[in-house]
Every structure is written in structure tokens, then in C-alpha cells.
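Numbering (our numbering) for the sequence shown: 62 to 219. Ideal Cβ positions, reconstructed from N, Cα and C, are used throughout, including at glycine. If you're wondering where the values come from, they're calculated on a predicted model, not measured in any experiment. What follows is a single structure, written as C-alpha cells, with notes after it.
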Amino acid sequence: MIQTEFQQIAHKIPTEPGIYKYYDARDELLYVGKAKNLRKRVSSYFTKTFTTYKTHELVQRIKRVEFTIVNSEQDAFLLENSLIKQYQPKFNIDLKDDKSYPYMVFKNEPFPRIFLTRRKINDGSEYLGPFTSVGKVRELMDFVKSNIQLRTCKLNLT
Numbered sequence: 062m063i064q065t066e067f068q069q070i071a072h073k074i075p076t077e078p079g080i081y082k083y084y085d086a087r088d089e090l091l092y093v094g095k096a097k098n099l100r101k102r103v104s105s106y107f108t109k110t111f112t113t114y115k116t117h118e119l120v121q122r123i124k125r126v127e128f129t130i131v132n133s134e135q136d137a138f139l140l141e142n143s144l145i146k147q148y149q150p151k152f153n154i155d156l157k158d159d160k161s162y163p164y165m166v167f168k169n170e171p172f173p174r175i176f177l178t179r180r181k182i183n184d185g186s187e188y189l190g191p192f193t194s195v196g197k198v199r200e201l202m203d204f205v206k207s208n209i210q211l212r213t214c215k216l217n218l219t
């Protein structure tokens, strides 16, 4: 998509938080991104000089743009992560790996324990998250531990 083509659609781009998806001429998903202001973020691809060859290559291939509006920047972050893991777009390098966001787990055991994990499994335990910051999860866990008596050890107590 060239700058003049983009200028024709720029006014239609919402200013709310959300995610944007870029597609190529074969309608293959190239890239998923998030923004607190979709118009401002998407416009940045078409109104500045490219800092990397990868970005230049991406912009040259864009033929269609899609948007999804969400309630908050946090929701955009989580939706972006989910879509990248689901579709593995070619130009999304950072979030394609198995690195997932942290959850706080209340383990479903006779003597419940609490811990941090990056893998959510269907084991009957209570998972809170995902969180965007490991530090914030640790703060929350410290608060819970100081107010509720839960074990933190991995010993088999049954």
C-alpha cells in the first residue's frame, strides 16, 4: 500500500484502542499489531521513513488493513498476543515463540498452594491472568500470601 492509497482510508481508521491486521495481495495475514490509538499507530507506518528493512518490506506488501476495537490498551495487548500465537504472521517475530504471559495459579490440591506459571492447563486449578508484567504478578502473590495462608512449597503433602 502506498502513501496515497493510505491517505484515502486514513480518516476511516478509529482513534480507539485496538488491534490492526495487515494483509497482502493473496489475503494472507502479514502482521498483527496493537495500539492505544489505532489511527495514530497505523499512520506511523505510512508517514515516516523506515527504520528497518523489515518494516519497509512489510509496508510494501500491505494491500488491506483490518481493525478490531477493544475497551483498553490491556485488552489490545492480550488480543494481539493471542492472534499472533494463533496465526503466526510472517512479520511478527517477537511474540511468535512459546513465551507466554504469566498467570497466578491456585493449585487444586488437598493443601492448596499458589505459584506463578506461563502455561495454563485444564487441571481444575484456578488461574488468574494473563498478566503483562511478571513483577506485578509477584506483587499480587506477595499480597495474597500475606493475607491468606497458602503453601508455596512443591512437597507432596497428601
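Cα-Cα separation between residue i and residue j, rounded to whole angstroms
{"i": "I209", "j": "T76", "result": "43 angstroms"}
{"i": "Q68", "j": "F107", "result": "9 angstroms"}
{"i": "T129", "j": "F152", "result": "19 angstroms"}
{"i": "L201", "j": "S133", "result": "21 angstroms"}
{"i": "E187", "j": "K109", "result": "46 angstroms"}
{"i": "R122", "j": "A86", "result": "7 angstroms"}
{"i": "T193", "j": "G185", "result": "23 angstroms"}
{"i": "R125", "j": "L216", "result": "54 angstroms"}
{"i": "D203", "j": "T178", "result": "15 angstroms"}
{"i": "V131", "j": "P78", "result": "6 angstroms"}
{"i": "H72", "j": "Y148", "result": "28 angstroms"}
{"i": "T112", "j": "I154", "result": "16 angstroms"}
{"i": "E141", "j": "S161", "result": "12 angstroms"}
{"i": "I175", "j": "K101", "result": "41 angstroms"}
{"i": "E66", "j": "D88", "result": "17 angstroms"}
{"i": "R199", "j": "S207", "result": "12 angstroms"}
{"i": "V120", "j": "I70", "result": "15 angstroms"}
Test item: CB-CB of residue i and residue j under 7 angstroms
{"i": "V103", "j": "I74", "result": "yes"}
{"i": "P173", "j": "L211", "result": "yes"}
{"i": "E127", "j": "K82", "result": "yes"}
{"i": "L90", "j": "P150", "result": "yes"}
Of the listed residues the options, nearest to residue i (C-alpha basis)
{"i": "P163", "options": "I154, K101, K197 and D85", "result": "K197"}
{"i": "K168", "options": "F204, C214 and Y148", "result": "C214"}
{"i": "E118", "options": "K146, L177, Y148 and Y84", "result": "Y84"}
{"i": "I145", "options": "S207, Y92 and K206", "result": "Y92"}
{"i": "V195", "options": "S143, M165, S207 and V120", "result": "M165"}
Residue i - DSSP class collapsed to helix/strand/coil
{"i": "Y114", "result": "helix"}
{"i": "R180", "result": "coil"}
{"i": "Y162", "result": "coil"}
{"i": "F167", "result": "strand"}
{"i": "K215", "result": "coil"}
{"i": "K82", "result": "strand"}
{"i": "K97", "result": "coil"}
{"i": "E66", "result": "helix"}
{"i": "E187", "result": "strand"}
{"i": "I154", "result": "coil"}
{"i": "V131", "result": "coil"}
{"i": "I145", "result": "helix"}
Cβ of residue i within 7 angstroms of any chain C Cβ
{"i": "Y188", "result": "Here chain C cannot be found, since the structure has a single protein chain."}
Whether or not the stretch 123-138 and the stretch 94-101 are in contact is what I'm after, with contact meaning three or more pairs of Cβ atoms, one per stretch, closer than 8 angstroms; do they touch? Touching, per the Cβ criterion.
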